[in-house]
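Visitor: Residue numbers (my numbering): 3 to 207.
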Amino acid sequence: MNESRVRAVVAACTTTTACVFPVFLAGGVAVQMGAELRYSPAGLGAAIAVNFAVSAFASVPAGRIVERFGPTGTGRAAIVLAAACLLGVGALAHSYPLFVVLLAFGGLGNALGQLASNASLAFHVRPGRQGISFGVKQTAVPLSQLLAGASVPVVALTVGWRWAWMAGALVALLAIPIVPSEPRTTPVRRTMRWPAARRTANPDP
């Protein structure tokens, strides 16, 4: 794969990692958070369920937004939403209901980020290489779980669980410049058909 395709795969991984990180971090620091915000394991399960429910219901309109505005802008917007969720929980979540609301907000970023990263791969990677590129992109989910777990002994148990959320927000924002841009000459609405046309006109070896 050439440089643009490698960047697209790396960007898809980082975008997905950032956007799914809030829900995994919620599980990782649940003991510390639960003690302060006074919620039970059942409350944690309900909060995570709300996050995934919002992500599921938002996926269809998010797909239309990606088709309308393209994977670059929507991918960066998804990262900003994830970072806002992380920062909001770390700085503002002083009650369980507010924590649930903020985590639900993170579900919007997850829906938009997943679809934007998929569209970016379809845009930049020719069909013959898309299988492996999507496979690499899926490693972002266990990577996000790994980072959430590692944040417990490294951050949550040393300086506090709130700093784990705020550090996650800072790291997520670092992914924004990695998201590749589409060529200005390519119409956004033809994004999903563009790779096939390019393959016919200029096939890769």
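Note that the Cβ used here is the ideal one computed from N, Cα and C, for glycine as well.
With a 10 Å radius around its C-beta and 16 neighbouring C-beta atoms as the bar for buried, classify Ala124 as buried or exposed.
Guide: Counting Cβ neighbours within 10 Å, Ala124 comes out buried, since at least 16 surround it.
Visitor: Grab me the residues of Arg98's own chain with a C-beta within less than 7 Å of its C-beta, minus the 5 sequence neighbours each way, in chain order.
Guide: Looking at the sequence provided, one finds Tyr at residue 98 rather than Arg. Excluding positions up to five away in sequence, the list reads Leu39, Arg40, Tyr41 and Gly45.
Visitor: Taking only the alpha-carbon atoms, compute the straight-line gap between Ala86 and Ala171 and give it to the nearest angstrom.
Guide: Spanning the two alpha carbons is a distance of roughly 7 Å.
Visitor: Starting from Asn112, follow the alpha helix (DSSP H) in both directions and report where the run begins and ends.
Guide: Its alpha helix (DSSP H) spans residues Tyr98 to His126.
Visitor: Measuring CB atoms only, is the segment 146-166 touching the segment 23-36, in the sense that at least three cross pairs come out at less than 8 Å?
Guide: With the cut-off at 8 Å, the segment 146-166 and the segment 23-36 touch.
Visitor: Using the C-alpha atoms, what's the distance from Thr160 back to Cys21?
Guide: The alpha-carbon atoms of Cys21 and Thr160 are separated by roughly 25 Å.
Visitor: Report the residue from Phe59, Phe136, Met35 and Ala106 whose alpha carbon sits nearest the alpha carbon of Ile50.
Guide: For Ile50, the nearest C-alpha among the options comes from Ala106.
Visitor: Can you give me the C-alpha to C-alpha distance between Ala5 and Val11, rounded to a whole angstrom?
Guide: The sequence given here places Glu at residue 5; Ala does not occur at that position. Approximately 10 Å, taken between the alpha carbons.
Visitor: Which whole runs of the alpha helix (DSSP H) in the segment 35-98 are 4 residues long or more, in chain order?
Guide: Taking only runs of at least 4 residues, the alpha helix (DSSP H) segments lying wholly in the segment 35-98 are 43-71 and 73-94.
Visitor: In whole angstroms, what separates the C-alpha of Val103 from that of Val154?
Guide: Approximately 23 Å between the Cα atoms of the pair.
Visitor: Let me see if you follow: with CB-CB separation under 9 Å, is Ser135 close to chain D or not?
Guide: Considering every chain present, this structure includes no chain D. It has just one protein chain.
Visitor: Ordered along the chain, which non-local residues of its own chain (more than five positions away) have a Cβ less than 6 Å from that of Ala142?
Guide: Around Ala142: Cys15, Thr18 and Thr19.
Visitor: With distances taken from CA atoms, which of Asn112, Gly111 and Leu89 is nearest Val101?
Guide: Position check: residue 101 holds Phe in this sequence, whereas Val was assumed. Among Asn112, Gly111 and Leu89, the Cα nearest to that of Phe101 belongs to Leu89.
Visitor: Just verifying my parser: in three-state terms, what is the DSSP assignment at Val161?
Guide: Reduced to three states, the DSSP call for Val161 is coil.
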